[in-house]
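Heads up, the thing below is written out as structure tokens.
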Amino acid sequence: MSNAQVFLEFEKPIEVLFEQLDKIKEVGKEGEIDISKSIIDIEDKIHKKRLEIYKNLTGWQRVQISRHPERPYTLYYVSKMCRQFQELHGDRYFKDDKAIVGGLAKLDDQTVMFIGHQKGTNTKMRQYRNFGMPNPEGYRKALRLMKLAEKFNIPVVTLIDTPGAYPGIEAEERGQAEAIARNLLEMAQLKVPILCYIIGEGASGGAIGIGLGDRVFMLENTWYSVISPESCSSILWHSWDYKEQAAEALKLTADHMYKFGLIDGVVPEPLGGAHHNPEETAKTLKAHIKKNLAELMKLSVDKRIKIRIDKYSAMGKTK
Amino acid sequence: MGWFKRLREGIQTTTEEKKEVPDGLWHKCIECSHTSTTKELIENFWCCSQCNHHFRIDSNTYFDIIFDKKPKLLFEHLEPIDMLGFVDLKPYKQRLLDTQKKTGLKDALSVGIGKVNDNTLIVACMDFKFIGGSMGSVVGEKIALAIDLAIKKKYPLLIISKTGGARMMESAFSLMQMAKTSAKLSQLGKAGLPYFSLMTDPTTGGVTASFAMLGDVNLAEPKALIGFAGPRVIKETIKRDLPEGFQTSEFLLEAGFLDVIVKRKDLKDTLSNLILFFKN
Ligand SMILES: [Zn+2]
Chain Z
1 MSNAQVFLEF EKPIEVLFEQ LDKIKEVGKE GEIDISKSII DIEDKIHKKR
51 LEIYKNLTGW QRVQISRHPE RPYTLYYVSK MCRQFQELHG DRYFKDDKAI
101 VGGLAKLDDQ TVMFIGHQKG TNTKMRQYRN FGMPNPEGYR KALRLMKLAE
151 KFNIPVVTLI DTPGAYPGIE AEERGQAEAI ARNLLEMAQL KVPILCYIIG
201 EGASGGAIGI GLGDRVFMLE NTWYSVISPE SCSSILWHSW DYKEQAAEAL
251 KLTADHMYKF GLIDGVVPEP LGGAHHNPEE TAKTLKAHIK KNLAELMKLS
301 VDKRIKIRID KYSAMGKTK
Chain F
1001 MGWFKRLREG IQTTTEEKKE VPDGLWHKCI ECSHTSTTKE LIENFWCCSQ
1051 CNHHFRIDSN TYFDIIFDKK PKLLFEHLEP IDMLGFVDLK PYKQRLLDTQ
1101 KKTGLKDALS VGIGKVNDNT LIVACMDFKF IGGSMGSVVG EKIALAIDLA
1151 IKKKYPLLII SKTGGARMME SAFSLMQMAK TSAKLSQLGK AGLPYFSLMT
1201 DPTTGGVTAS FAMLGDVNLA EPKALIGFAG PRVIKETIKR DLPEGFQTSE
1251 FLLEAGFLDV IVKRKDLKDT LSNLILFFKN
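Here the protein sequences come in this chain order: Z and F. Here the numbering used here is used: position 130 in the first sequence is 130, and no number is missing along the way. Position in the second sequence (from 1) plus 1000 gives the number in the numbering used here.
Here you go:
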């Protein structure tokens, strides 16, 4: 098990314990005192503290975990879950968007079309990936790959993790809104199964643009909302300072979303979040995908599309 | 022409409190400062006689302009509820009550069915004065029901957008209306029925990124603001000024996302022509 090196602000008590652990290990190097028991004690304390903190996370804390810089992204999961992966680039109209990746992979014996947002793992790559904020060509690449999958009866799995579709001049010129809208329309009628997973941030149109599916799941420490807590604070509270309140008010956690019937389930993460044990998370995710794909592939095309559309038709509450 | 008489009757009677533009005899154009009387504006389809600025109007006024006679309003029983117990500076529940009282509307979209130059059309029209024309569960559900009716009766559909986008106080419920309305439109398309989308000032956010952009024919009023992200957000992101005319109807037409820009005075005839083309 790897121990994440970047502590979030609410993990301060754990960080303090790690500092104690480091100090004791320093003392141990001098070799005069037996420290083995102290180490076990502190490691036990760390585990208990982590359990305590992670038992009752607030909405805002989940948002922070979902954005943890060491959190695994789409390409990591695909590489861990699949033997082979062939990335496929470009929308065939304008260019290759780097914030959305996609391609064919073998999930054990099953060919799957994976499509997902991709964030960078260091400063340079974060810029290269535009911080996971796609331009229209990203959504159009996604649609091209979905239609390719449909042609060869290959199921589609999307992995969602975006702070939003990019709000830029060129994005508007090339039709960000049209690209997302088109995907929603086409995904509603796609003949192959579509499984969607929120693996990090599920920000609004940028997320749902590859997020309409037969079944939609959220990893435990992710969020899905019509707007980010920061922007919500800025608009409704007229200040950037109410992001914590906004995160609570938006009820954006996986638990809330499941309770509201807006997603089909929650995928558990290891204690401390997906980044604490990415391999275990990938293993859980793989089993989850396999089980759900097997169920969806048993249905006839017409039945699957009808159930899919009926599900979305039932979303929304009115008097 | 009958529409003028009906418009005036409408204004003098029930729709008076629902007017988008302020009451009173004089209206100042925000573009050129020209002042017009209410009567002049009604005669001119709520457009400035000097600069053709299209005043923001409500669903009732659009219905008066489009339909031959007063339409039958549909799904009026639907009302919003506060699913999340959302509180910002004001509880959503209170915001709804206040807005309903102020506007006389139950939510931000009305659906009417009637004849347009003798052709039946279902029109779903947004009201900007209801929490910025934002899309929540009621807007999505009314569009879904309008589509079901269109499929059942084989009628064409027009949706008039006038919106700031999603309704934040309904969070993910609001977001899912993008998927819901688009999925329902895919059924309308499969049934072979035409869908016309009219974008008016403003049309932004999740509405643009769902049903507004999905018309078999995409229409817009002149000089409307149409976009995914709002201009303020884009400016803050890219940290430079936006080009002249950015995100206007004319800009979108040039970029290839609109079929036609239609002046309000031509709207009714344009629609009835389109209906006839697709009846072929
Ligand atoms: Zn004027």
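Note that the Cβ used here is the ideal one computed from N, Cα and C, for glycine as well.
Requested in this report: Could you name each continuous beta strand (DSSP E) segment of 3 residues or more that falls completely within the segment 256-307 of chain Z, going from the start of the chain to the end?
Outcome: The DSSP assignment places 265-267 as complete runs of the beta strand (DSSP E) inside the segment 256-307 of chain Z, in order along the chain (cut-off: 3 residues).
Query raised in the report: Using a threshold of 7 Å, is the CB atom of Cys1048 (chain F) nearer than that to any non-hydrogen atom of ligand 3?
Result: With respect to ligand 3, the structure offers nothing, as its ligand set consists of ligand 1.
Query raised in the report: Taking C-alpha atoms, which residue in Z:Tyr54, Z:Gly202, Z:Asp41 lies nearest to Gln118 (chain Z)?
Result: When Z:Tyr54, Z:Gly202, Z:Asp41 are compared, the shortest CA-CA separation from Gln118 (chain Z) is found for Z:Gly202.
Query raised in the report: Ordered along the chain, which non-local residues of its own chain (more than five positions away) have a Cβ less than 6 Å from that of Lys286 (chain Z)?
Result: Taking Lys286 (chain Z) as the centre and dropping the five residues before and after it, the same chain places the C-beta of Met81 closer than 6 Å to its C-beta, in chain order.
Requested in this report: Return yes when the C-beta of His1027 (chain F) is under 7 Å from any heavy atom of ligand 1, and no when it is not.
Outcome: Outside the cutoff, so no.
Requested in this report: Mind checking who Phe217 (chain Z) pairs with in its DSSP beta bridge?
Outcome: Beta-bridge pairing links Phe217 (chain Z) to Z:Tyr197, Z:Gly265.
Report task. In angstroms with no decimal places, state the Cα-to-Cα distance between Ile1065 (chain F) and Thr1270 (chain F). Result -> Going by the C-alpha atoms only, they are around 12 Å apart.
Report task. Scan the segment 1070-1095 of chain F for residues whose Cβ lies nearer than 7 Å to a Cβ of chain Z and list them as they occur along the chain. Result -> Cβ contacts with chain Z: Leu1078, Glu1079, Pro1080, Ile1081, Met1083, Leu1084, Phe1086, Val1087, Asp1088, Leu1089.
Query raised in the report: So with Cβ pairs under 8 Å, would you call Leu1185 (chain F) a contact of chain Z?
Result: By this cut-off, Leu1185 (chain F) is an interface position.
**Report entry** Asn1119 (chain F) (DSSP reduced to helix, strand or coil)
**Finding:** Here Asn1119 (chain F) sits in strand by DSSP.
Query raised in the report: In terms of DSSP beta bridges, what is Asn1342 (chain F) paired with?
Result: What is shown of chain F runs 1001 to 1280, which leaves residue 1342 (chain F) out entirely.
Query raised in the report: Looking only at its own chain, which residues have a Cβ that is under 8 Å from the Cβ of Glu320 (chain Z), when we skip the five neighbours before and after it?
Result: An answer regarding residue 320 (chain Z) cannot be provided, because it is not within the stretch 1 to 319 covered by chain Z.
**Report entry** Cutoff 8 Å: Glu1141 (chain F) Cβ touching any chain Z Cβ
**Finding:** Yes, because at least one Cβ of chain Z sits closer than 8 Å to the Cβ of Glu1141 (chain F).
**Report entry** Nonlocal neighbours in the same chain, by C-beta distance under 6 Å from Tyr1155 (chain F), ignoring five residues either side
**Finding:** So the qualifying residues of the chain are Thr1120, Ile1122.
Query raised in the report: Is His1034 (chain F) near ligand 1, in the sense that its beta carbon is under 7 Å from a heavy atom of that ligand?
Result: Within the cutoff, so yes.
Query raised in the report: Any chance the CB of His117 (chain Z) is under 7 Å from a heavy atom of ligand 1?
Result: His117 (chain Z) Cβ: outside cutoff for every heavy atom of ligand 1.
Query raised in the report: Thinking C-alpha only, which one of Z:Pro155, Z:Ile194, Z:Gly206, Z:Pro72 is nearest Pro163 (chain Z)?
Result: Per the Cα distances, Z:Gly206.
Query raised in the report: Which bits of chain Z does Ala1179 (chain F) rub up against, with CB to CB less than 7 Å?
Result: The answer, in chain order, is Leu184, Ile208, Leu212, Tyr312.
Query raised in the report: When you compare only the Cα positions, how much space is there between Asp108 (chain Z) and Leu293 (chain Z)?
Result: A straight line joining the alpha-carbon of Asp108 (chain Z) with that of Leu293 (chain Z) spans about 12 Å.
Query - Exposed unless 16 or more other CB atoms sit within 10 angstroms - verdict on Lys1263 (chain F) - result: Exposed, because fewer than 16 other Cβ atoms sit within 10 Å of the Cβ of Lys1263 (chain F).
Query raised in the report: Assuming Leu8 (chain Z) and His68 (chain Z) make a contact with CB atoms under 8 Å, what is their CB distance in whole Å?
Result: Indeed, because the Cβ distance is near 7 Å, the residues count as touching under 8 Å.
Query raised in the report: Less than 7 Å between the CB of His1054 (chain F) and some heavy atom of ligand 1, yes or no?
Result: Not one heavy atom of ligand 1 lies closer than 7 Å to the C-beta of His1054 (chain F).
Report task. Measure the Cβ-Cβ separation of Ala1108 (chain F) and Gly1133 (chain F) and say whether it is below 8 Å. Result -> The answer is yes: Cβ separation under 8 Å.
Query raised in the report: Measuring CB to CB, does Phe1086 (chain F) end up less than 8 Å from Ser1137 (chain F)?
Result: The answer is no: Cβ separation not under 8 Å.
Query - Proximal residues, the segment 1149-1170 of chain F versus chain Z, C-beta separation under 9 Å - result: Listed by position, the residues of the segment 1149-1170 of chain F near chain Z (Cβ gap below 9 Å) are Gly1165, Ala1166, Arg1167, Met1168, Met1169, Glu1170.
Requested in this report: Using a Cβ-Cβ cut-off of less than 7 Å, list which residues of the segment 1194-1219 of chain F approach chain Z; keep chain order.
Outcome: From the segment 1194-1219 of chain F, only Gly1206, Thr1208, Ala1209, Ser1210, Met1213, Leu1214 have a Cβ closer than 7 Å to chain Z.
Query raised in the report: Would Glu32 (chain Z) be called buried (16 or more neighbouring beta carbons within 10 Å of its own) or exposed?
Result: Flag for Glu32 (chain Z) reads exposed.
Report task. Enumerate in chain order the residues of its own chain whose CB-to-CB distance from Cys1291 (chain F) is below 6 Å, with the five nearest sequence positions on each side excluded. Result -> Given that chain F is displayed from residue 1001 to residue 1280, the structure contains no residue 1291 (chain F) and the question cannot be resolved.
Query - Proximity test, Cys196 (chain Z) beta-carbon vs ligand 1 heavy atom, cut-off 7 Å - result: Cys196 (chain Z): no, Cβ never under 7 Å from ligand 1.
Requested in this report: May I have the straight-line CA-CA distance separating Gly1205 (chain F) from Met1178 (chain F), to the nearest angstrom?
Outcome: Their Cα atoms are separated by approximately 10 Å.
Query raised in the report: CA-CA distance, Phe152 (chain Z) and Lys1184 (chain F)?
Result: So the two alpha carbons sit approximately 26 Å from each other.
Query - Coarse secondary structure for Gln86 (chain Z), derived from DSSP in three states - result: In the three-state reduction of the DSSP assignment, Gln86 (chain Z) falls in the strand class, which pools E and B.
Query raised in the report: In the DSSP assignment, what are the bridge partners of Thr1163 (chain F)?
Result: Partner(s): F:Thr1203.
Query raised in the report: How many whole angstroms separate the CB atoms of Tyr76 (chain Z) and Arg140 (chain Z), which I take to be in contact at a CB cut-off of 8 Å?
Result: The C-beta separation of Tyr76 (chain Z) from Arg140 (chain Z) comes to about 25 Å, leaving the pair out of contact by the 8 Å criterion.
Query raised in the report: Do Val112 (chain Z) and Val63 (chain Z) have their C-beta atoms within less than 8 Å of each other?
Result: No, Cβ-Cβ distance for Val112 (chain Z) and Val63 (chain Z) is not below 8 Å.
Query raised in the report: Beta carbon of Ile1234 (chain F), beta carbon of Leu1225 (chain F): below 8 Å?
Result: Ile1234 (chain F) is not a Cβ neighbour of Leu1225 (chain F), given a cutoff of 8 Å.
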